Every structure is written in C-alpha cells, then in structure tokens.
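Chain order of the listed sequences is W and B.
Numbering of the first sequence is given in my numbering, commencing with residue 692 and proceeding in unit increments.
Numbering of the second sequence is given in my numbering, commencing with residue 692 and proceeding in unit increments.
Glycine included, each C-beta is placed from N, C-alpha and C at the ideal position.
Since we're looking at a predicted model, the values are computed, not measured.
Notes for the one structure printed next.
There are 2 protein chains.
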Amino acid sequence: MNTNDDTILTLKALADPIRLSILEFLWDPVSDVFRTEEGICAGDIVDFLDVSQPTVSHHMKILSAAGLVEAEKRGQRVYYECITERMDGVIRYLERYRQPTTPSLLDR
Amino acid sequence: MNTNDDTILTLKALADPIRLSILEFLWDPVSDVFRTEEGICAGDIVDFLDVSQPTVSHHMKILSAAGLVEAEKRGQRVYYECITERMDGVIRYLERYRQPTTPSLLDR
Numbered sequence: 692m693n694t695n696d697d698t699i700l701t702l703k704a705l706a707d708p709i710r711l712s713i714l715e716f717l718w719d720p721v722s723d724v725f726r727t728e729e730g731i732c733a734g735d736i737v738d739f740l741d742v743s744q745p746t747v748s749h750h751m752k753i754l755s756a757a758g759l760v761e762a763e764k765r766g767q768r769v770y771y772e773c774i775t776e777r778m779d780g781v782i783r784y785l786e787r788y789r790q791p792t793t794p795s796l797l798d799r
Numbered sequence: 692m693n694t695n696d697d698t699i700l701t702l703k704a705l706a707d708p709i710r711l712s713i714l715e716f717l718w719d720p721v722s723d724v725f726r727t728e729e730g731i732c733a734g735d736i737v738d739f740l741d742v743s744q745p746t747v748s749h750h751m752k753i754l755s756a757a758g759l760v761e762a763e764k765r766g767q768r769v770y771y772e773c774i775t776e777r778m779d780g781v782i783r784y785l786e787r788y789r790q791p792t793t794p795s796l797l798d799r
C-alpha cells in the first residue's frame, strides 16, 4: 500500500457534514457578527452551528489532529483558522484520478 | 449546511486505506499479470491485495455507491473501472480551501 497515513487521516476528518460546515464557516464566516478582527473562536462555532460546546470540541480535535485547522489560546478563548498544507496534499493525491491513463474499458 | 450529500459519501468512501489501494490498482495495475485486454475483475483485486473475496465485495459496494467505480458483469466475472465525475466534484469542492481569502489571523 503506497497511500500515506496523513492522506487517510485528512480524508477521514473531511468525511463528516459537521466538520465540513466548520471548515466552510472558518474559511468564510457568513455574517459580520462573526467576522471580527480577533478571528473565529470556539464560541462563534457553537453559536453558528447551534450545537453543544462538547460537540464542537470533539470535531475541532479531529480537524486539528488532521492538520486542517490551527488553534491558538488567547486568554479564556481558543481561536481557530484553516491551514492549507494538508488539504493541498489530499488534492494532489486525488488529482491522479482525474484523467484516465487508459481508454475506458466499458466503452469498447 | 451547504455541503452536499454526494461529497460526504465520496469522502467517506475514499477515507479507507484498502479502498484507496483498490482505486490505485484499478487506475494503474502494477503488473502485466493484471493488465489484460479484459480489464480488472474482482478476482484480480483479491489476488493483488491478498484479502478475502467478501472483503473485496464489501469495499467495491461502497466505491460503487459513491460513484467512484463502475461494475460490469461479463459471464461469471465482474469487471471494474474507475469513473472520474464524482472525484472531480470532490476536488472542486476541496479546492476552495487551497487559497486563503483573508490574511492569516495567526500571523498578525
């Protein structure tokens, strides 16, 4: 097997509707209520998604472990932002499946 | 939530080391033993990965349901090939996370 563990870990982290919503929100906060100088904190994600604080913590741990977000504690709050290196790696991995290297067998 | 169900289904199908190995094998059979005019059948995948027939069937069902492979029964054998439309959709979805739209907050 020549797929690497990072790719699997990142794909697993991405394969969840709540985590994709969190990434979309971090990437592009939908409202000026959330779009502040300080960035997006865990409480903003709780408010936006209307889910519990433990649910957000659970998903942020998975996204952090997969290298998709970075956390920074400032005072009592934890701020998050997306990081792109792992995402780049996954896209580069998947792109090999975009163009067929051989003619379609089913078309013959 | 504005992520669509197809994207989640495809990401879930991709987030598994055996299924990624199957896609890699279907895309580019590693040996001329497998690279025949007829294409790759379920038995070839069993032989290549050295896993059981039920294991291969289980994973092929998930890959087919996610629109990542297409199956064709010919006689006693089922042949498979990769299809690219869903993969294209996933890559297009993920590409939005490649370039930051705002300067990094953590760099300030």
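Looking at the unbroken alpha helix (DSSP H) that takes in residue i, where does it start and where does it end?
i	result
tyrosine 784 of chain W	776 to 786
alanine 706 of chain B	First-last for alanine 706 of chain B: undefined, no H or E at that position.
isoleucine 748 of chain W	Sequence check: residue 748 of chain W is serine here, not isoleucine. Residues 744 to 756.
Under 9 Å between beta-carbons, which chain W residues line up against residue i? List them in chain order, please.
i	result
arginine 789 of chain B	Thr775, Met778, Asp779, Ile782
What residues of chain B sit near residue i, judged by a beta carbon separation below 8 Å?
i	result
alanine 706 of chain W	Ile699, Leu702, Lys703, Leu705, Ala706
At 7 Å on the CB atoms, spell out the chain W contacts of residue i, in chain order.
i	result
leucine 754 of chain B	Chain W residues near leucine 754 of chain B: none, gap ~11 Å exceeds 7 Å.
Among the options, which has the Cα closest to the Cα of residue i?
i	options	result
methionine 751 of chain B	B/Arg765, B/Asp741, B/Asp738, B/Val769	B/Val769
valine 760 of chain B	B/Phe716, B/Asn695, B/Ile699, B/Asp696	B/Phe716
leucine 711 of chain B	B/Cys773, B/Gln767, B/Leu785	B/Cys773
cysteine 732 of chain B	B/Glu776, B/Ala762, B/Leu785, B/Asp696	B/Ala762
aspartate 779 of chain B	W/Gln767, W/Arg789, W/Tyr771, W/Glu728	W/Arg789
threonine 746 of chain B	B/Ile699, B/Ile782, B/Val781, B/Ile713	B/Ile713
glycine 766 of chain B	B/Glu729, B/Glu786, B/Ile709	B/Glu729
glutamate 786 of chain W	B/Asp697, B/Ile709, B/Trp718	B/Trp718
isoleucine 753 of chain W	W/Leu700, W/Asp696, W/Val742	W/Leu700
serine 743 of chain B	B/Tyr771, B/Ile709, B/Gly758, B/Ser755	B/Ile709
alanine 757 of chain B	B/Asp741, B/Thr775, B/Lys764	B/Thr775
By DSSP's criteria, residue i is part of a beta bridge. Which residues make up the other side?
i	result
isoleucine 731 of chain B	B/Tyr771
glutamate 763 of chain B	B/Tyr770
Pair every Cβ in the segment 704 to 711 of chain B with every Cβ in the segment 734 to 748 of chain W, then say whether three or more of these pairs are closer than 8 Å.
Taking a cut-off of 8 Å on C-beta distances, the segment 704 to 711 of chain B does not touch the segment 734 to 748 of chain W, as fewer than three cross pairs fall below it.
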